[in-house]
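Trainee: Per my numbering: the sequence shown = residues 3 to 358.
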Amino acid sequence: MRGRTRAIVQWTVAVAGLGVLAWQLPALVGEGGRLAGELADLRWGWIGLAVLLGIGALVLYGELHRRLLAAGGARLSVRSVQAINFAENALSTTLPAVGNAAGFVYATYQLRRRHVEVALAAWSLMLAGTVSTIVVILLAVLGAGITGRVPVLVAVLVVLGLLLATWACWRAVNSAPVLRRCLRWLVRLGRHLPAFLVGSRTSAVDPDSVSQRVSDRIGLLRPSGGGWVLIIGCAALSWAMDFLSLYASVAAVGHPAPWPALALGFVVVQISIALQLFPGGAGIAEAGLLGVLIASGVPVAPAVAGTLVYRLINWLGLAAIGWVVYAVQIHLMSPPQQQLRARGSPSREPETGSCS
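See the structure below:
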């Protein structure tokens, strides 16, 4: 009975996600119909490059997550982690309102099925997203300095400040005494807030026990120095490939935009996605990117065509692949075999590999 209920829930989620894709696709295709002239002259070499770069960016994010899992002692195959990664991306970018939460729960469940401890699975997912977000913020600030949108000195100071804040936060979460002090302060603050905001059990929270549990979870995953280099490198290269996919998409319509404008448009798209107002930033991302391209001097028709190509590839295309993977994992895949090495094995992979 539980298996049947789980299958019903999973297929309901799949239908909802595919429904969003079906809802958005006609609008994009309709725009494409009005741009037949531009789309008829697409440079397919650039299209192929944009597709490869978009897929490569998502694959590198999956590799980042796999290396974090390896640092915690969970040695999963590339195939397993990438399957989870593509399906999680489909859930998070197409389900309305609950996309990120659904993707997180799904990925945690799939990792648990592969004998990864729940605490390690959840913490690795959170850390992967945090690392990726910090890296793209740093790259955006550096890009703003390089393109002259902000003074170089200001950009450098902001980057140094972000790095220092990140290091301080990591040190704090790895220090039980610091965690206890922070949690005590938060509990005292919570006791002065209305119950409907923090719940009625705040006064019963034990800061010491909570900080100990958090420390234990964080202690499961502490990459070495070389491991961090590879993880951060994967994150940076993933964002770079995503940006280059945008460049190739715009170049495919025959009107390349200036690099500074593309960088700004890329940041606008990522902010639109992060806001989660609509699945995958639908509507907002396209409008923002289109506005930036037109403001940079790209004619309206090529700007619209380039925007459609990029979003068809990097949003709907990747989401469609992810939903196929999701359906396969529900219906066709046999229960996963034991992929986790014995807990007595080293807690990290050899550091001589590459991100890819």
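Backbone N, C-alpha and C define an ideal beta-carbon position, used for all residues, glycine too.
Tell me, please, whether the stretch 98 to 111 touches the stretch 46 to 60 by the rule of three or more beta-carbon pairs shorter than 8 Å.
Mentor: no
Trainee: Quick check on Cys-236: buried or exposed, where buried means 16 or more other Cβ atoms within 10 Å of its Cβ?
Mentor: Taking the first residue of the sequence shown as 1, we reach residue 236 at position 234. Flag for Cys-236 reads buried.
Trainee: Report the residue ranges of all alpha helix (DSSP H) runs contained in full by the stretch 111 to 157; include only those spanning at least 4 residues, in chain order.
Mentor: 120 to 148
Trainee: When the Cα atoms are used, what is the spatial distance from Met-243 to Ser-79?
Mentor: Start at 1 with the first residue of the sequence shown, and residue 243 comes out as number 241. Start at 1 with the first residue of the sequence shown, and residue 79 comes out as number 77. Cα to Cα, Met-243 sits roughly 23 Å from Ser-79.
Trainee: How many angstroms separate the CA atom of Pro-258 from the CA atom of Glu-288?
Mentor: Indexing the sequence shown from 1 puts residue 258 at position 256. Indexing the sequence shown from 1 puts residue 288 at position 286. When rounded, the distance between both Cα atoms is 17 Å.
Trainee: What whole-angstrom Cβ distance do Val-255 and Ala-307 have, given they're in contact under 8 Å?
Mentor: As a first step, residue 255 must be located in the sequence shown, where it is residue number 253. As a first step, residue 307 must be located in the sequence shown, where it is residue number 305. Contact between Val-255 and Ala-307 holds: CB atoms are separated by about 4 Å, below the 8 Å threshold.
Trainee: For a test of the three-state rule: what should DSSP assign to Val-302, helix, strand or coil?
Mentor: In the sequence shown, the residue the question calls residue 302 occupies position 300. Helix at Val-302.
Trainee: How about the stretch 270 to 285 and the stretch 72 to 87: do they share at least three Cβ pairs that are nearer than 8 Å?
Mentor: no
Trainee: What residue from Ala-238, Val-118, Val-294 and Leu-314 has the CA that sits closest to Ser-251's CA?
Mentor: The count along the sequence shown starts at 1 and reaches residue 251 at position 249. Closest option to Ser-251, Cα to Cα, is Leu-314.
Trainee: Helix, strand or coil: which one does DSSP assign to Arg-183?
Mentor: As a first step, residue 183 is located in the sequence shown; it is residue number 181 there, counting from the start. Looking at Arg-183 - three-state DSSP - the assignment turns out to be helix.
Trainee: Quick check on Trp-125: buried or exposed, where buried means 16 or more other Cβ atoms within 10 Å of its Cβ?
Mentor: Working through the sequence shown from its first residue, we reach residue 125 at position 123. The residue in question, Trp-125, is buried, as its Cβ has 16 or more Cβ neighbours within 10 Å.
Trainee: Could you round the C-beta distance between Ala-130 and Leu-70 to whole angstroms and report it? I think they count as a contact, below 8 Å.
Mentor: Residue numbering aside, residue 130 sits at position 128 when the sequence shown is read from its first letter. Residue numbering aside, residue 70 sits at position 68 when the sequence shown is read from its first letter. Yes, Ala-130 and Leu-70 are in contact; Cβ-Cβ is about 6 Å, under 8 Å.
Trainee: In terms of residues, what are the limits of the alpha helix (DSSP H) holding Pro-91?
Mentor: Locating residue 91 in the sequence shown gives position 89, where the first residue counts as 1. The sequence as given places Asn at residue 91; Pro does not occur at that position. Looking at the DSSP string, the run of the alpha helix (DSSP H) that includes Asn-91 is 80 to 96.
Trainee: Residues in its own chain within less than 7 Å of Ala-123 by CB, not counting five upstream and five downstream?
Mentor: Residue numbering aside, residue 123 sits at position 121 when the sequence shown is read from its first letter. So the qualifying residues of the chain are Thr-110, Leu-113 and Arg-114.
Trainee: For the candidate residues His-117, Trp-241, Arg-45 and Ala-263, whose alpha-carbon lies nearest to that of Arg-151?
Mentor: What you label residue 151 is simply residue 149 of the sequence shown in a count that begins at 1. When only C-alpha atoms are compared, the closest one is Ala-263.
Trainee: Answer with buried or exposed for Pro-153, where buried requires no fewer than 16 other C-beta atoms within 10 angstroms of its C-beta.
Mentor: For the purposes of this step, residue 153 is taken as the residue at position 151 of the sequence shown. Exposed, because fewer than 16 other Cβ atoms sit within 10 Å of the Cβ of Pro-153.
Trainee: Once DSSP output is grouped into helix, strand and coil, what is the label at Asp-433?
Mentor: With the chain covering 3 to 358 only, the question about residue 433 has no answer from this structure.
Trainee: Got a sec, what are the start and stop residues for the alpha helix (DSSP H) Gln-272 sits in?
Mentor: In the sequence shown, counting from the first residue as 1, residue 272 sits at position 270. Run containing Gln-272: 261 to 277, per the alpha helix (DSSP H) assignment.
Trainee: Considering only the beta carbon of each residue, do Leu-240 and Leu-127 sit closer than 8 Å?
Mentor: Against the sequence shown, residue 240 aligns to sequence position 238. Against the sequence shown, residue 127 aligns to sequence position 125. Reading off the sequence, residue 240 comes out as Ser, not Leu. For Ser-240 and Leu-127, no; Cβs fall outside 8 Å.
Trainee: Distance, Cα to Cα, Thr-168 vs Tyr-312?
Mentor: By one-based count along the sequence shown, residue 168 stands at place 166. By one-based count along the sequence shown, residue 312 stands at place 310. Their Cα atoms are separated by approximately 32 Å.
Trainee: Quick one: what does DSSP say Asn-176 is sitting in, helix, strand or coil?
Mentor: The sequence position of residue 176 within the sequence shown is 174, counting from 1. Looking at Asn-176 - three-state DSSP - the assignment turns out to be coil, as it is neither helix nor strand.
Trainee: Going by DSSP in three states, Gly-75 sits in which element: helix, strand or coil?
Mentor: By 1-based counting over the sequence shown, the position of residue 75 is 73. Correct three-state label for Gly-75: coil.
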